[in-house]
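There are 2 protein chains.
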Amino acid sequence: MSVNKKTPQDAVTQVINSLEPIFKDRLQLGLAVREQHGQGEDSYGVMPPDAVVFARSNAEVAAVLKACHQWHVPVIPYGVGSSIEGHLLATRGGICIDLSQMDQILETNAADMDCRVQAGVTREQLNTELRYAGLFFPVDPGANASIGGMASTRASGTNAVRYGTMKENILGLTIVTPQGDIVQTGGRARKSAAGYDLTHLMIGAEGTLGVITEIRLRLHPIPEQIKAAVCSFDTVDAAALSVIDAMQCGLPLARIELLNALQMQACIAYSDLQGFAPRPTLFFEFHGSEASVSEQIASLQAITDDHGGTGFSWATSTEERNALWKARHNAYYAGMALLPGHRALTTDICVPISQLADTINDAEAKARELDLTCPVVGHVGDGNFHMLILVEPGNNEQLGRAQQLSHHLVSESLRRGGTCTGEHGIGIGKKSYLLQEHGAGVALMQSIKRALDPHHIMNPDKIFDL
Amino acid sequence: MSVNKKTPQDAVTQVINSLEPIFKDRLQLGLAVREQHGQGEDSYGVMPPDAVVFARSNAEVAAVLKACHQWHVPVIPYGVGSSIEGHLLATRGGICIDLSQMDQILETNAADMDCRVQAGVTREQLNTELRYAGLFFPVDPGANASIGGMASTRASGTNAVRYGTMKENILGLTIVTPQGDIVQTGGRARKSAAGYDLTHLMIGAEGTLGVITEIRLRLHPIPEQIKAAVCSFDTVDAAALSVIDAMQCGLPLARIELLNALQMQACIAYSDLQGFAPRPTLFFEFHGSEASVSEQIASLQAITDDHGGTGFSWATSTEERNALWKARHNAYYAGMALLPGHRALTTDICVPISQLADTINDAEAKARELDLTCPVVGHVGDGNFHMLILVEPGNNEQLGRAQQLSHHLVSESLRRGGTCTGEHGIGIGKKSYLLQEHGAGVALMQSIKRALDPHHIMNPDKIFDL
Numbered sequence: 006m007s008v009n010k011k012t013p014q015d016a017v018t019q020v021i022n023s024l025e026p027i028f029k030d031r032l033q034l035g036l037a038v039r040e041q042h043g044q045g046e047d048s049y050g051v052m053p054p055d056a057v058v059f060a061r062s063n064a065e066v067a068a069v070l071k072a073c074h075q076w077h078v079p080v081i082p083y084g085v086g087s088s089i090e091g092h093l094l095a096t097r098g099g100i101c102i103d104l105s106q107m108d109q110i111l112e113t114n115a116a117d118m119d120c121r122v123q124a125g126v127t128r129e130q131l132n133t134e135l136r137y138a139g140l141f142f143p144v145d146p147g148a149n150a151s152i153g154g155m156a157s158t159r160a161s162g163t164n165a166v167r168y169g170t171m172k173e174n175i176l177g178l179t180i181v182t183p184q185g186d187i188v189q190t191g192g193r194a195r196k197s198a199a200g201y202d203l204t205h206l207m208i209g210a211e212g213t214l215g216v217i218t219e220i221r222l223r224l225h226p227i228p229e230q231i232k233a234a235v236c237s238f239d240t241v242d243a244a245a246l247s248v249i250d251a252m253q254c255g256l257p258l259a260r261i262e263l264l265n266a267l268q269m270q271a272c273i274a275y276s277d278l279q280g281f282a283p284r285p286t287l288f289f290e291f292h293g294s295e296a297s298v299s300e301q302i303a304s305l306q307a308i309t310d311d312h313g314g315t316g317f318s319w320a321t322s323t324e325e326r327n328a329l330w331k332a333r334h335n336a337y338y339a340g341m342a343l344l345p346g347h348r349a350l351t352t353d354i355c356v357p358i359s360q361l362a363d364t365i366n367d368a369e370a371k372a373r374e375l376d377l378t379c380p381v382v383g384h385v386g387d388g389n390f391h392m393l394i395l396v397e398p399g400n401n402e403q404l405g406r407a408q409q410l411s412h413h414l415v416s417e418s419l420r421r422g423g424t425c426t427g428e429h430g431i432g433i434g435k436k437s438y439l440l441q442e443h444g445a446g447v448a449l450m451q452s453i454k455r456a457l458d459p460h461h462i463m464n465p466d467k468i469f470d471l
Numbered sequence: 006m007s008v009n010k011k012t013p014q015d016a017v018t019q020v021i022n023s024l025e026p027i028f029k030d031r032l033q034l035g036l037a038v039r040e041q042h043g044q045g046e047d048s049y050g051v052m053p054p055d056a057v058v059f060a061r062s063n064a065e066v067a068a069v070l071k072a073c074h075q076w077h078v079p080v081i082p083y084g085v086g087s088s089i090e091g092h093l094l095a096t097r098g099g100i101c102i103d104l105s106q107m108d109q110i111l112e113t114n115a116a117d118m119d120c121r122v123q124a125g126v127t128r129e130q131l132n133t134e135l136r137y138a139g140l141f142f143p144v145d146p147g148a149n150a151s152i153g154g155m156a157s158t159r160a161s162g163t164n165a166v167r168y169g170t171m172k173e174n175i176l177g178l179t180i181v182t183p184q185g186d187i188v189q190t191g192g193r194a195r196k197s198a199a200g201y202d203l204t205h206l207m208i209g210a211e212g213t214l215g216v217i218t219e220i221r222l223r224l225h226p227i228p229e230q231i232k233a234a235v236c237s238f239d240t241v242d243a244a245a246l247s248v249i250d251a252m253q254c255g256l257p258l259a260r261i262e263l264l265n266a267l268q269m270q271a272c273i274a275y276s277d278l279q280g281f282a283p284r285p286t287l288f289f290e291f292h293g294s295e296a297s298v299s300e301q302i303a304s305l306q307a308i309t310d311d312h313g314g315t316g317f318s319w320a321t322s323t324e325e326r327n328a329l330w331k332a333r334h335n336a337y338y339a340g341m342a343l344l345p346g347h348r349a350l351t352t353d354i355c356v357p358i359s360q361l362a363d364t365i366n367d368a369e370a371k372a373r374e375l376d377l378t379c380p381v382v383g384h385v386g387d388g389n390f391h392m393l394i395l396v397e398p399g400n401n402e403q404l405g406r407a408q409q410l411s412h413h414l415v416s417e418s419l420r421r422g423g424t425c426t427g428e429h430g431i432g433i434g435k436k437s438y439l440l441q442e443h444g445a446g447v448a449l450m451q452s453i454k455r456a457l458d459p460h461h462i463m464n465p466d467k468i469f470d471l
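Protein chains in written order, with this note's numbering: chain A, 6 to 471; chain B, 6 to 471.
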């Protein structure tokens, strides 16, 4: 982790003095607020900013950036604080812009199945509002994250195999540049060949190129029918081969989640799941018309039968389905409950699906070799899985083994054509992996950063060092 | 169109001298070859480069760029020359890199449904080779374009409504930077949150940021069943409303193409279509399992019935289907045949689908008002349509009216939240529209261009002026 390279206090004071008349009591200097904003949900610790402003408009965000640009003071955008890669650490102090009060759904166009929201709107808030239009926004990273944060980290989650990630579901953005200009990217057309794709440059830039203040989203019709199913296997290989076959048949599965034996053991205990065994298990969700869903289930069951899948059972009622997916969503807490009082180091590699079984087998073997407790959950339709490596606070020897395991997983992923992060981002802890993964590409990224943010004020020390 | 700002001859000579030992007879200076490479399939005329090199490897492309970077000589990448926006005009002379000999499919991973191809591989070549693996690459712009050219212009076409455009179907690229460095972007993982999205920055950059030499593509399983259907309507409105309803029901239609009454008249004559009337007509294609396709057809027929669609008929046999789609693919030539000896100015606007009927109605009315002959074909599931404005060579007064109509369409599109180009690119003729559409965003694009190509050698005078 980078050390705290403090920004000169007089520059910070100049910025705070210029912003106080605009923000009044929405500019906060108290330690509690600053500390709350100087951390995510990870274990990178706390590095508080010098001040937190609660912005309510594009113009207010622009005012912050103009002042910070003038005085070379860092700016860190903040949604709900659910980052798990240290994105929110104020490594050099500066101003945190909390966007949670920019929580308006600005327009919904039902006929075009798009909407425009402010960055602080959360995923659950959006879907609650959209329900009345018969539409939904599919990207579901688990946490009730803000749409702005999800855009900034290129988030995805359980539905990506069918509906894509944030990358595929954003039509355009409003960004405030490091100089304080308000710029629209993309537009309402479903496609465009007009100029450079600034939208995708900003998605996943982790707040290092500007502040995303508004997001124009693609929406999807709520399916006529939703069913869920569960099937367990002797081995991770058998489960992975079922997934490959299902993808190759073009089955439009909405969710395909793998839980390894240890994770299933944890979920059975934590969520009191009845009728399940601690074996590698796939959770499926099917969206479509009644006939299409029935056909998907029949095709899938034939595939899982071929690979020795047992206990294929489906949940039709909303209650049954919700219970299953609640257990899946609680997998993180279930995993944590395996060793109460421990904290988790979460890996996020993503490999080509042909490599998935070998990669998970290797990861499990390495965890055993290093004597670590590591449940696994995976968005396996995309080849992405998370290993929770449980670590006892204060046990530095064990933390060393955990880091060794995490490092091993990234190395294996890169060797197999995968990525060091499927959906969490680089943040502060994976900068060396980005260099391994993208080599000369990182120099291009740095050129772009220098061109767009010459004073290097936007979320410094994230993604790469300059 | 920009004037020819000639690059100093001694700089060009230095580059040619340094490249001759590498390329030998694959470096061509003859006027015929240079003129062939200094134009596309549009009506922007010819501006030949100073030399054409036929590259066979990344290293050879890198050698060209290193020399051109050193001597500040322009570089224009060339695929098959099917651009229709003046991308290939050597406005300042320089070196054209013909990539057609980089035509190898480097790897196909059937289990992961991806492949990596050299930039000169054409769409039809790729699909012929993939057939044996039961896979296909869906992006179909009509022309048998090169994959590199399609990536560079963010091409799409008839299948985009179901499978997306080039943007959604590229996993990674090999690019050669303006400095001659060979850089890999993206990777084989289906998703990644690792750093800036250089892949999407290069897609649609029209060769202004580097040369795309290899493309890693997502592939799709060949559907179990493919059927086509045709339905005609009293009005464009009725057709457009049918499309909106189909999209809102989540029907996974693979193709939805609109031909207006004049275009149908042209196609009936040109392709000898039996049983069709010169009325607004939708062509559909359905992909899926037998049950899914039957269900899609039934749902769609109910929708078109609601909007007064008549003559709903489907083609099951490959022959019938091919005849229909051949007629659709020949729509351009059919339109041209309405007024033999004329040439066409092709518009490319794309609007939110709720705006589609009004936009087409307005375009047809304006064409009548200006006394121009203008068939319309549209990828209406995306809101994208092309109006062919037929112009008699040498008739400058008529050309003026055609340009007035084209300008009117772009203005209407932007007013309705659309784009000036859905899939052809900005090239040399739409730079002022890009400014209208993206305003302050163009300055960001220019900053990126200056950072990555400081000597401004890559395909100068395209997308924007510097």
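Virtual Cβ for every residue (Gly too), placed ideally from N, Cα, C.
Quiz item: Does the beta carbon of residue 425 of chain B come closer than 8 Å to any beta carbon on chain E?
Solution: Absent here is chain E; the protein component of the structure consists of chains A and B.
| field | Through-space distance from residue 452 of chain A to residue 460 of chain B, alpha-carbon basis | value | 15 Å
Check: Of all the options B/386, B/350 and B/401, which has the alpha carbon lying nearest to the alpha carbon of residue 49 of chain B?
Finding: Just measuring C-alpha positions, the residue of B/386, B/350 and B/401 sitting nearest residue 49 of chain B is B/350.
CB residue 422 of chain B to CB residue 193 of chain A, shorter than 8 Å? yes
Hey, how far is the Cα of residue 70 of chain A from the Cα of residue 30 of chain A?
19 Å
| task | For my contact list, residue 437 of chain B and residue 339 of chain B are in at a C-beta cut-off of 8 Å; report their separation, rounded to the angstrom. | result | Contact flag wrong, Cβ pair sits at about 31 Å.
task = Can you grab the Cα-Cα spacing for the pair residue 331 of chain B / residue 289 of chain B, in whole Å?
result = 13 Å
**Asked** If you compare alpha carbons, which of A/466, A/200 and A/471 is closest to residue 91 of chain A?
**Response** With distances taken between CA atoms, residue 91 of chain A lies nearest to A/466 out of A/466, A/200 and A/471.
**Whole-angstrom distance between residue 95 of chain A and residue 10 of chain A, CA atom to CA atom** = Whole-angstrom Cα-Cα distance: 9 Å.
*Where do the ends of the beta strand (DSSP E) carrying residue 419 of chain B lie?*
Residue 419 of chain B -> not in any beta strand (DSSP E); alpha helix (DSSP H) instead, spanning 401-420.
Residue 322 of chain B - DSSP class collapsed to helix/strand/coil: Here residue 322 of chain B sits in coil by DSSP.
For residue 280 of chain B, the first and last residue of its enclosing alpha helix (DSSP H): That residue, residue 280 of chain B, is in no alpha helix (DSSP H); it is neither H nor E in DSSP.
- Message: Taking DSSP's pairing of strands, which residues face residue 151 of chain A in a bridge?
- Response: Its beta-bridge partners are A/127.
* Asked: What residues from chain A crowd round residue 206 of chain B, counting only those whose CB sits closer than 9 Å?
  -> 201, 202, 203, 205, 206, 449 and 453
Check your understanding: Considering residue 71 of chain A, what are the terminal residues of the beta strand (DSSP E) in which it resides?
Key -> Residue 71 of chain A -> not in any beta strand (DSSP E); alpha helix (DSSP H) instead, spanning 63-76.
Quiz item: In whole angstroms, what separates the C-alpha of residue 179 of chain B from that of residue 218 of chain B?
Solution: C-alpha separation (whole angstroms): 6 Å.
Take residue 25 of chain B and list the residues in its own chain whose beta-carbon comes closer than 6 Å to its own, dropping the five residues that flank it on each side. 32
**Q.** In chain order, each beta strand (DSSP E) run of at least 3 residues that lies wholly inside the region 337-383 of chain B
**A.** Listed in chain order, they are 348-351.
So, are the CB atoms of residue 449 of chain A and residue 457 of chain B less than 8 Å apart?
Remark: C-beta atoms of residue 449 of chain A and residue 457 of chain B approach each other more closely than 8 Å.
message: Quick check: what's the CA-CA separation for residue 353 of chain B versus residue 198 of chain A?
response: 10 Å
If residue 157 of chain B and residue 86 of chain B are in contact, beta carbons under 8 Å, what's the gap, nearest whole angstrom?
Not a contact, Cβ separation roughly 13 Å.
Through-space distance from residue 43 of chain B to residue 462 of chain A, alpha-carbon basis: 44 Å
What first and last residue would you give for the alpha helix (DSSP H) that runs through residue 22 of chain A? 14-28
Neighbourhood of residue 321 of chain A by C-beta, 8 Å cutoff - its chain only, sequence neighbours within 5 removed: 232
Is it the case that the Cβ atoms of residue 388 of chain B and residue 355 of chain B are separated by a distance below 8 Å? Against a cut-off of 8 Å, the Cβ pair of residue 355 of chain B and residue 388 of chain B comes out as a contact.
Original post:
Going along chain B, which residues have a C-beta under 7 Å from residue 117 of chain A?
Top reply: 357, 358 and 359
- Query: Smallest Cα separation from residue 384 of chain A: which of A/100, A/223 and A/264?
  - Reply: A/264
### Task
Please determine, among A/210, A/225, A/125 and A/318, the residue with the shortest C-alpha to C-alpha distance to residue 165 of chain A.
A/225
**OP:** Report the rounded CA-to-CA distance for residue 378 of chain A versus residue 121 of chain A, giving the unit in angstroms.
**Re:** As the crow flies, the alpha-carbon of residue 378 of chain A is around 43 Å from that of residue 121 of chain A.
message = Measuring straight from C-alpha to C-alpha, what distance separates residue 152 of chain A and residue 237 of chain B?
response = 42 Å
Legend entry - Limits of the unbroken beta strand (DSSP E) element including residue 49 of chain A: Careful: residue 49 of chain A lies outside any beta strand (DSSP E) and carries neither H nor E.
Residues in the region 148-159 of chain B with C-beta within 8 Å of chain A's C-beta atoms, listed in sequence order?
-> Look at the region 148-159 of chain B: the residues with a C-beta under 8 Å from a C-beta of chain A are 158 and 159.
Among A/133, A/12 and A/278, nearest to residue 333 of chain A - alpha-carbon criterion: A/278
Legend entry - Alpha-carbon spacing of residue 297 of chain B relative to residue 299 of chain A, whole angstroms: 10 Å
Query raised in the report: Over what stretch of residues does the beta strand (DSSP E) that includes residue 221 of chain A continue unbroken?
Result: Note, residue 221 of chain A: beta strand (DSSP E), 216-223.
message: Using C-beta distances below 6 Å, list every residue in its chain close to residue 382 of chain B, excluding the 5 sequence neighbours before and after it, in chain order.
response: 264, 268, 336 and 391
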